[in-house]
Every structure is written in structure tokens, then in C-alpha cells.
Amino acid sequence: MKGNSVPEETPFPLVDTHSHLADPVFEKDLDQVLARARRAGVRRILVMSEDEVEGEAVLELCAERAPFLLPCLGLYPDRVSLDRAERVAARVREKKGVLAAIGEVGLDFRIEGDPEKRKIQEKVLALFAALSRETGLPLSVHSRSAGRRAMEVLAEAGAEKVVMHAFDGKARYALEGAERGWFFSIPPSLVRSRQKEKLVLALPLENLLLESDAPVLGPVPGARNEPALLEVTVQRIAELKG
């Protein structure tokens, strides 16, 4: 792999709580990617989906490689409508026995500036929060440039099992989530992000999880990320936490 150096092994098991291994960039060498992940100590990988079509691909991919790969169904914020959200929710109910989480869902105010469309994103997130409570499945929540508002929507909807994925908000807002028992998953881009470092320093260790967000958010900008690089995150968290 170019750009990122993959660790050969780790003495403890790791779980990647957020990846996109159904992305076409992994189509030609997924088996090698998974082999590197295993050598690096990764024992489970949650695979997110961003819409109905990708959701079916994720279900098929994970069925072939269970239990190493675990499927998640969701709807990315830039694709939301109430109709699409209801269709995804229906599929979640059908497949809840095999799903690890509902995701990727959430808000993205960087790509959506229209107030009315932002309101639709919020309604859809509240719908998925209610679905999480109904099914018992955790949420993997995207909140780019919308961290505080996403947490408000989740709290108002009574969400309980929450993982804030690659949270880009202020640490003081994250602490409010930690007080609710929510988790924050940290990607390998931690090594090049002062904001993520502040987040790790502020949050209790028990509220931190690992994620790759592969193929993005790796330690080297522009280089393809993969689950084996969780070890990079582990090493940096250990340095920051002492």
C-alpha cells in the first residue's frame, strides 16, 4: 500500500467501528486489505452503507465474510428524504438480526446550507434515533460542521446507543455526549489533527472507540486508508493519554 505504513501485528484485539469497505476502491484487493487487518490485530470490522443500493451490497459483502465483517444500514446526510429514510428504516427492521448498527446517518451542514434541507436532515436523524430505540441497534452518527446540533437532535429524540463518528466539534460539546454515555470513534487521521487530539485529551478513555473510516481519514492525506491502520490511532491515543 502506498503512502501509509501498515503495522504487522498488535498484541491485543481491535474493532473497527466505522468503515466503507464496499467502496469501489477496495474491489480489486479487498482480500489483501482484510489479511493486513487480521495481521494488525483487527478482529471485527463494521461496514457502513450510505443509501439503499449500497446497503444491499454491504449485506452481501458481510454475509460472505461473517463474522469478521458486520453490516450496517444507513442513509448519508446528502441523500436524505423522508421517503428514502422510511425505506431504509423498513430494511433495518427486516435485517436487524444480522446488523451491527444503523449507519451511516446524521447531519452535514458543510455540504448543505439551505435551512429547509437542514431541517429535513434533522427530521431524518430523529427518525433513525427512534429506530435505534425500537431495534436496540446503536447509531453511527456523521456530524460534519453540525456536531452540537446533531447531539441536540439525538438528545431530544431520546437516543441512547450513540457513536459519534469522526466528531469535528468542540471538546466541551463532546463531553456533554460522554455524560450521556455516548461514544466517540477516533480515526487514524488523529495523528495530523489538533482538533482530534483535543477531543482525545478531553474525553474519558472509556468513551473512546476506534474507527478507520476507510478509505478516507488515514494518517497520510490523500492516501487510501484501511482498517489495519487502527494501530496508528491506538499508538497516538496511548501517547496522549500517557
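So the sequence shown is residues 1 to 242, counted in the numbering used here. The beta carbon of each residue, even a glycine, is placed where N, CA and C say it ideally should be.
1) Expressed to the nearest angstrom, what Euclidean distance is found between the alpha-carbon atoms of Ala-126 and Leu-139?
2) In the DSSP assignment, find the beta strand (DSSP E) that holds Gly-103 and state where it starts and stops.
3) Could you pull out every unbroken alpha helix (DSSP H) segment of at least 4 residues lying fully inside the stretch 48-100, listed in chain order?
4) Expressed to the nearest angstrom, what Euclidean distance is found between the alpha-carbon atoms of Asp-108 and Ala-157?
5) Figure out for me which residue from Gly-97, Pro-24 and Ala-166 has the closest Cα to the Cα of Val-105.
6) In whole angstroms, give me the CA-to-CA distance for Leu-46 and Asp-114.
7) Helix, strand or coil for Ile-120, going by three-state DSSP, please let me know.
8) With DSSP as the reference, please indicate the residues paired to Arg-44 in a beta bridge.
9) My output table needs one value for Val-220: the three-state DSSP class, helix, strand or coil.
To lay it out plainly:
1) Within the sequence shown, residue 126 is the residue found at index 126, counting from 1. Within the sequence shown, residue 139 is the residue found at index 139, counting from 1. About 11 Å.
2) Counting from 1 along the sequence shown, the entry for residue 103 is found at position 103. It spans 101-108 - the beta strand (DSSP E) in which Gly-103 sits, taken as one unbroken run.
3) As summarised for the stretch 48-100, the continuous alpha helix (DSSP H) elements at least 4 residues long and confined to that stretch are 52-64 and 82-95, given in chain order.
4) Counted from its first residue, the sequence shown places residue 108 at position 108. Counted from its first residue, the sequence shown places residue 157 at position 157. Their backbone Cα atoms lie some 18 Å apart in a straight line.
5) On the sequence shown, position 105 is the one that residue 105 refers to. Proximity to Val-105 across Gly-97, Pro-24 and Ala-166 peaks at Ala-166, based on C-alpha coordinates.
6) Here residue 46 is taken as the residue at index 46 of the sequence shown, counted from 1. Here residue 114 is taken as the residue at index 114 of the sequence shown, counted from 1. Taking the straight line joining both Cα atoms gives about 32 Å.
7) Within the sequence shown, the letter at position 120 stands for residue 120. Ile-120 falls in the helix class under three-state DSSP.
8) The count along the sequence shown starts at 1 and reaches residue 44 at position 44. Answer is Val-15, bridged to Arg-44.
9) The residue given as residue 220 occupies position 220 in the sequence shown. Val-220 falls in the coil class under three-state DSSP.
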